[in-house]
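Below you'll find the structure, written out as structure tokens, and then a few comments.
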């Protein structure tokens, strides 16, 4: 750390700043009082970063929006920029009348208002959320030009809510109950079956808070199921119903979607956990280096299995790898930021990263993934993502 | 943990939820497609929590706004609700022309553009920020009725930026340099003198990121000095100039304000560190308990000296104390959330908390503080804050 800090300084000398012969100060700064305060703030008008929206059908709001990872700092994504994936748009739910039904194989069916739910003990967790279909095209060779396009169905926020286990025990579980169908209040009633042993894990939440305030409408307002480390689709938004059953419901989103067709023609279902993955966010596709010399390579790593243990970076097309520095805090099932000092000599270079999680799992290459999974399905794609820095400084998909 | 979880469940039985004889479901939920996606989201129209604004002079934007701590979840405050304290309003700075000047006792005066600054290696940290004047009236006996009024000059966010030490070394420090004046670009050129040994601490940042995106205008856009654990006023907003000197500048904000007049008539200057403090945010003044039985007591603890080690809660007017559960992650110089299960029997009760930090410092009572500091000054007030829960369920300052 001390050594690399010194290296940064030596490398950066001369590439930044204007030396001044006197203390003249540029800029265009005010000499009259500024603006009044606001009860609820907003960003500066110069700031334009935004989600990219992709409508998938003629039905309004059915599709996805992607987080601009190339412009995000640290491990907290602003709620305004959290990714979305909707199946029939963003419903307008009134929290005053919304309720959560718990029924099926329970001793006592119950309906909870939002006030009821907020009366229970609550916990907060900082975690990542990633769509099971993030980078779905890369397995079959479609490489978006930017990291927002390729990895943007990924965000990190702090969620607050009540453990599902607490609420289920209020209703009382019958011994035959093995699965829990979680259903949203969107028009399509998006629903997923969750194995009961997972639903009873204390980290699984009925979340009403995100990044300190109420959930945003596009993130499930007023109530969302949060399952840290599991594919985004199981984190059911606008949660209205938990149905305890003996068997999974075989909903369309666990039969027609979010299953993985293997080379032998069989489809794997209920592939819930997001495995370890990492990506360089700066410099990344669509950006341009405007000078030789020092550049910090920055990126994100995450795993549904716990904590990230190590991130390695290669700047020579995978021939050699060196450890990146991990940014504290390193939290389980959360985004972990990493940084790596790099001196760009102006030659074309292919840069990439790979991570290892605390289980010892090493993020695979695309070739390794295809050898196992074939090319029929791209859900849960977590291969390496190289970027080419051209001699012009332009960065593109490699 | 396991024991208290069971206790929660036993206590909560019967106080929540409507038992259903069949699976009828209330609510008013959509059966048509919802809204489209938005490039940059906003909160739901039903959500109204906001900062309370206090203008202190006739000059626009000179005063403070307070975070609604009673409504905040976890350790991340939304940037839109981060507290403010301004001395001549919120200036509109253009990041394209803004620059940071480093001059005085340096080998080479330098001016950095925002692009220059973003080229340096960057780090992110989740920390609290608290105004040195938070609760300034409590020492002399003025107790606001809500926790927003009494403690709301306190927020917690993730900041991203470049260590000041890296940038200072670019300019080269002369041996005589002992202090660094940090000056903002607001009309009053708010400025504070920072001892150089602190400025060189790698945790002190030139921050351009907050909660994942650019700083908000009211939090210093586009550049703010961040000194974790030190009084908010030293975290100079709209940072335009670092002046290296042999002596402190004796700016108005370190002579006329932010000094502490002791009983002997002498004023203590440069009292930078915010000592350990905690407060119950729910239930707190202005709220009302609507039923007997289980209520989770929730609050925040923080210290400028490192990590919070312990929080204790008393529900019997300070006669007995019991450990609260601390919510992970427990990060140095960050807000730490705590929770404590409580069964309210309907009798009047006085509830309060106290914390101990990793140095062993125990948060003092108001009486202990006054014995040391007298009543002349209320900066850095960190006494206990009891709330009275009346038999009606109404909560007020105790």
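Chains as they are written, first to last, in the working numbering: chain A, 749 to 1146; chain B, 749 to 1146. We put the CB at the ideal spot given by N, CA and C, even for glycine. All values reported here derive from a predicted model rather than from experimental measurement.
Taking the C-alpha atoms as reference points, what is the distance between residue i and residue j?
i	j	result
residue 1047(B)	residue 1002(A)	40 Å
residue 995(A)	residue 1081(B)	48 Å
residue 1145(A)	residue 1051(A)	23 Å
residue 1138(A)	residue 958(B)	32 Å
residue 939(A)	residue 805(A)	19 Å
residue 1119(A)	residue 880(A)	20 Å
residue 797(B)	residue 858(B)	43 Å
residue 1088(B)	residue 1098(A)	52 Å
residue 946(A)	residue 1133(B)	40 Å
residue 761(A)	residue 918(B)	Low local confidence applies: a pLDDT of 39 at residue 761(A) is under 50, so the model's placement there is unreliable, with the coordinate-based value given in what follows. Distance between the alpha carbons of residue 761(A) and residue 918(B): 7 Å.
residue 1025(A)	residue 811(B)	46 Å
residue 830(B)	residue 789(A)	8 Å
residue 981(A)	residue 933(B)	46 Å
residue 872(B)	residue 818(A)	15 Å
residue 1020(B)	residue 942(A)	51 Å
residue 909(A)	residue 866(A)	8 Å
residue 780(B)	residue 846(B)	49 Å
residue 861(B)	residue 978(B)	26 Å
residue 868(A)	residue 1014(A)	43 Å
residue 935(A)	residue 1005(A)	18 Å
residue 971(B)	residue 988(B)	8 Å
residue 1040(A)	residue 814(A)	31 Å
Kindly indicate which three-state DSSP category residue i falls into: helix, strand or coil?
i	result
residue 1003(B)	helix
residue 864(B)	helix
residue 1068(B)	coil
residue 1016(B)	strand
residue 980(A)	helix
residue 1105(A)	strand
residue 827(B)	helix
residue 818(B)	helix
residue 961(B)	strand
residue 966(B)	helix
residue 1026(A)	strand
residue 1146(A)	coil
residue 1063(A)	coil
residue 811(B)	strand
residue 795(A)	coil
residue 1125(B)	coil
residue 1097(B)	strand
residue 1058(B)	strand
From what residue to what residue does the alpha helix (DSSP H) around residue i run?
i	result
residue 1091(B)	Unbroken run through residue 1091(B) is the beta strand (DSSP E), 1084-1092; no alpha helix (DSSP H).
residue 1120(B)	1114-1121
Please go through the same chain and pick out, in chain order, the residues whose beta-carbon is closer than 6 Å to the beta-carbon of residue i, but skip the five residues on each side of it.
i	result
residue 974(A)	907, 953, 955, 983
residue 968(A)	985, 986
residue 992(A)	852, 853, 854, 925, 928
residue 856(B)	919, 920
residue 965(A)	838
residue 1069(A)	1060, 1062
Between which two residues does the beta strand (DSSP E) holding residue i run?
i	result
residue 1044(A)	1041-1050
residue 842(A)	Where residue 842(A) is concerned, there is no enclosing beta strand (DSSP E), given that its DSSP letter is neither H nor E.
residue 993(A)	987-993
residue 800(A)	800-803
residue 848(A)	847-852
residue 1136(B)	1135-1137
residue 974(B)	972-974
residue 833(B)	832-834
Starting from the C-beta of residue i, find all residues in its chain whose C-beta is less than 7 Å away, skip the five residues before and the five after it, and write them out in chain order.
i	result
residue 808(A)	837
residue 1043(B)	1031, 1037, 1090, 1092
residue 1141(B)	1036, 1037, 1038
residue 944(B)	925, 926, 927, 928
residue 1058(B)	1071, 1103, 1104
Between which residues of its own chain and residue i is the CB-CB distance below 8 Å, once the five residues before and five after are set aside?
i	result
residue 1117(A)	887, 1129, 1130, 1131
residue 772(A)	Because the pLDDT at residue 772(A) is just 43, under 50, the model does not fix this residue reliably, and the point stays unresolved.
residue 1143(A)	1031, 1032, 1033, 1034, 1035, 1036, 1037, 1135, 1136, 1137
residue 913(A)	947, 948, 949, 950, 952
residue 816(B)	797, 798, 799, 800, 829, 896, 900
Would the beta-carbon of residue i be found less than 7 Å away from any heavy atom of the ligand PLP?
i	result
residue 1146(A)	Within the structure as shown, the ligand PLP is missing, as the structure has no ligands at all.
What residue ranges within the stretch 879-951 of chain B form continuous alpha helix (DSSP H) runs of no fewer than 4 residues, ordered along the chain? Runs of the alpha helix (DSSP H) lying entirely within the stretch 879-951 of chain B, each at least 4 residues long, are 895-899, 912-919, 944-947 in chain order.
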